[in-house]
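*Asks:* So the sequence lines, in the order shown, correspond to chains Y and R. Position 102 (the first sequence) corresponds to 102 in my numbering; numbering is contiguous. Position 45 (the second sequence) corresponds to 181 in my numbering; numbering is contiguous. After the structure tokens below, expect a handful of questions from me.
2 protein chains.
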Amino acid sequence: MKVSARGKYALMAMMYLAEKNGDGPQSLRSVAQDLLPEQYTEQLLGSLRKAGLVSTTRGVLGGYNLSRPPAEISVGQILDATEGPVSLSSCATDEPSCPHTGKCRTQKVWEYLTDRINGLLYGLSLQDILDSKEME
Amino acid sequence: MKVSARGKYALMAMMYLAEKNGDGPQSLRSVAQDLLPEQYTEQLLGSLRKAGLVSTTRGVLGGYNLSRPPAEISVGQILDATEGPVSLSSCATDEPSCPHTGKCRTQKVWEYLTDRINGLLYGLSLQDILDSKEME
DNA sequence: TCGAATCCCGATTAAATCAATCGGAATTTG
DNA sequence: CAAATTCCGATTGATTTAATCGGGATTCGA
């Protein structure tokens, strides 16, 4: 269980935008800086825009902005937009009948864990991270 | 963020062994039944054995057993053994200097989340699942 | 009106990972 | 010894991931 480069890049990019929130559009170049592969970051920002988390301005002085205050954007939303939803569950096989115990108990385990993890991820906002709250 | 088929298969296999705990060695065939690809499951049981979670008996009436009571085996241990450790962290790039904020704040986020998720995974034992506790 | 700076976006590639199989070796029982 | 089993490294094929490419669309300012 891990977070892909996509998710890591996306959080870095979003934290950058959170820091610059209110300072006008930030160009792709400035978001990616030397840290992130530029064109790949462009893809990610596209996904984040489609998910409604960033808004963009085109043209010469264009760039990217958070579409809402950092307090209203969570790590969970960012990961969903870039990596797809956290999904631990669904029985490994699609067998309707599970010879093991009749019902597949593991299914419930994954659902339970998915819920808990989503709770963590959706409960952590960019503002929390800016404040370095909840993380000592 | 997801759990691979490896992890799902492994938990199913371990739950089967937990149910049959005390009933003597369970053959690969009976563990895999129709649910899991047999040879792949064999690989996984090998990893679980190397991690000390199952013990084996070779020869004609041989098979697999939990190496300890179900209460002492956690979902976290199973996933570590089969999928490798949960690892969300490490800065996406290896840059020592982070132009964004001096220090990479996202690093701490991933560490925080990794700790929390590991807490969940290591806190959930096969016995808990047998009892269907902690999961309503 | 033109050119530069920027976002937009589908297609493609290369590498890594994953799921699974193969072929046989070693061990134990009867 | 034969059968049933675990053991294990190697290989394959499919999928996913990370990243680039190439060009199009939009806006600003001179």
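Here a beta-carbon is modelled for each residue, glycine too, at the ideal position from N, C-alpha and C. Remember, predicted model here, so these are calculated numbers, not experimental data.
(1) Can you tell me where the beta strand (DSSP E) with V190 of chain R in it begins and where it stops?
(2) How would you list, in chain order, the residues of chain Y whose beta-carbon sits under 9 Å from the beta-carbon of T192 of chain R?
(3) Around the C-beta of S87 of chain Y, are 16 or more other C-beta atoms found within 10 angstroms, so that it is buried, or is it exposed?
(4) Please go through the same chain and pick out, in chain order, the residues whose beta-carbon is closer than 8 Å to the beta-carbon of V54 of chain Y, but skip the five residues on each side of it.
(5) Step through the CB atoms of chain Y and report whether any lies within less than 8 Å of the CB of E219 of chain R.
(6) Could you check the C-alpha separation between L130 of chain Y and R142 of chain R for me, to the nearest Å?
(7) Report yes or no: is there a C-beta of chain Y within less than 8 Å of the C-beta of S163 of chain R?
(8) In the DSSP output, which residue or residues are listed as bridge partners for Q26 of chain Y?
(9) Mapping DSSP to helix, strand and coil, what is S183 of chain R?
(10) I'd like to know if V109 of chain Y contacts chain R, where contact means its C-beta is closer than 8 Å to some C-beta of that chain.
(11) What does the Cβ neighbour count give for Y9 of chain Y, buried or exposed, with the cut at 16 atoms within 10 Å?
(12) From the beta carbon of K50 of chain Y, is the nearest beta carbon of chain R less than 8 Å away?
(13) Would you say T242 of chain R faces chain Y, with C-beta separation under 8 Å as the test?
(14) Per DSSP, what kind of secondary structure is K20 of chain Y in: helix, strand or coil?
(15) Give me, in chain order, the residues of the same chain whose beta-carbon lies closer than 8 Å to that of L121 of chain Y; leave out the 5 immediate sequence neighbours on both sides.
(16) Since I believe L171 of chain R is in contact with M274 of chain R (beta carbons under 8 Å), could you give me their beta-carbon distance rounded to a whole number of angstroms?
*Replies:* Looking at the coordinates:
(1) V190 to T193
(2) Within 9 Å Cβ-Cβ: nothing; T192 of chain R doesn't reach chain Y, min ~20 Å.
(3) exposed
(4) M14, L17, L45, L48, Y64, N65, L66 and S67
(5) yes
(6) 37 Å
(7) no
(8) Y:Y64
(9) helix
(10) yes
(11) buried
(12) no
(13) yes
(14) coil
(15) S74, V75, G76, L79 and V86
(16) Residue 274 of chain R lies beyond the residue range present for chain R, which begins at 137 and ends at 272; the question has no answer from this structure.
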